[in-house]
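So the sequence shown is numbered by this note's numbering: it starts at 117 and just counts up by one.
All residues carry an ideal CB built from backbone N, CA and C; glycine is no exception.
Worksheet: one structure, shown below.
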Amino acid sequence: MCKFFRTRFRIWLWIANLGLLAAFTVIFMILRPTLGSSASMLMVIPPTVAAWSLGVWGGLGFALATSLISVLLTILMGFGKVEVILLERGAAIGMLILGFISVIVGNLGNILRKRQSEINKYMELDKERNKD
Numbered sequence: 117m118c119k120f121f122r123t124r125f126r127i128w129l130w131i132a133n134l135g136l137l138a139a140f141t142v143i144f145m146i147l148r149p150t151l152g153s154s155a156s157m158l159m160v161i162p163p164t165v166a167a168w169s170l171g172v173w174g175g176l177g178f179a180l181a182t183s184l185i186s187v188l189l190t191i192l193m194g195f196g197k198v199e200v201i202l203l204e205r206g207a208a209i210g211m212l213i214l215g216f217i218s219v220i221v222g223n224l225g226n227i228l229r230k231r232q233s234e235i236n237k238y239m240e241l242d243k244e245r246n247k248d
């Protein structure tokens, strides 16, 4: 595949993941007053998808972004103070776990892409051998 198309596809992946993050931020803002702190669990989805599609560093970036967004929105919406959210409710531990999960999912995505390219190479070699 041409480098131009790989770069363009990568840009579309970033745009799609940022759109997903924006959508989940809006959903979080809508559901936070009714669900309470359980609405924060929805913010696990964007970094997981980003880790799968963008790799480890994309997943970690999105994990950090979603953690900061959920904490900031919780404070701005008047549901808690920074020290209460980070220390008493264990949000700091949750952020670390989210980052760790993003690393694992990102590594699995990288392994899958690597194995798929190896399988494609072997299939091409097999086709060439069977032609003769």
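*Please name the residue, chosen from VAL160, ILE127 and ILE143, that lies closest to ALA179 on a Cα-to-Cα basis.*
Residue mapping note: residue 179 aligns to position 63 of the sequence shown, counting from 1. When only C-alpha atoms are compared, the closest one is VAL160.
*Select from LEU147, ALA155, ARG148 and ALA167 the residue whose C-alpha is nearest the C-alpha of LEU134.*
As a working mapping, residue 134 is identified with position 18 in the sequence shown. It is ALA167 whose Cα lies nearest to the Cα of LEU134.
*Pick from GLU240, ASN226 and ASN236: whose alpha carbon is nearest that of GLY175?*
Here residue 175 refers to the residue found at position 59 when the sequence shown is read from its first residue. It is ASN226.
*Quick one: grab the DSSP three-state call for MET159.*
Here residue 159 is taken as the residue at index 43 of the sequence shown, counted from 1. Residue state, collapsed to three classes: helix.
*Buried versus exposed call for THR150 [16 or more other C-beta atoms within 10 Å across all chains shown]*: The residue you call residue 150 lines up with position 34 of the sequence shown. Looking at its Cβ environment, which holds fewer than 16 other Cβ atoms inside 10 Å, THR150 is exposed.
*Tell me whether LEU158 counts as near the ligand ZN, meaning its Cβ is closer than 7 Å to at least one heavy atom of that ligand.*
Although the ligand ZN was asked about, the structure shown includes no ligands whatsoever.
*Continuous alpha helix (DSSP H) stretch holding GLY152: start and end*: In the sequence shown, counting from the first residue as 1, residue 152 sits at position 36. Neither: GLY152 is in no alpha helix (DSSP H) and is coded neither H nor E.
*Can you tell which of THR190, SER169, GLY177 and LEU228 has the C-alpha that lies nearest to the C-alpha of TRP128?*
The residue labelled residue 128 in the question sits at position 12 within the sequence shown. Closest option to TRP128, Cα to Cα, is SER169.
*Can you check whether the CB of ALA181 is closer than 8 Å to the CB of LEU212?*
In the sequence shown, the residue the question calls residue 212 occupies position 96. In the sequence shown, the residue the question calls residue 181 occupies position 65. The answer is no: Cβ separation not under 8 Å.
*Which residues in the same chain as GLY171 place their Cβ atom closer than 7 Å to its Cβ, once the five residues preceding and following it in sequence are excluded?*
As a working mapping, residue 171 is identified with position 55 in the sequence shown. Cβ neighbours of GLY171 beyond the five flanking positions: GLY222, GLY225 and ASN226.
_ALA139 and LEU147 closer than 8 Å at C-beta_ = Residue 139 sits at position 23 when you count from the first residue of the sequence shown. Residue 147 sits at position 31 when you count from the first residue of the sequence shown. Result no, Cβ atoms of ALA139 and LEU147 do not sit closer than 8 Å.
*Please state whether DSSP places GLY194 in a helix, a strand or coil.*
What you label residue 194 is simply residue 78 of the sequence shown in a count that begins at 1. Looking at GLY194 - three-state DSSP - the assignment turns out to be coil, as it is neither helix nor strand.
*Could you tell me how far apart the beta carbons of PHE144 and SER186 are, in whole angstroms, since I believe they sit closer than 8 Å?*
Translated into the one-based positions of the sequence shown, residue 144 becomes position 28. Translated into the one-based positions of the sequence shown, residue 186 becomes position 70. Right, their Cβ atoms sit about 6 Å apart.
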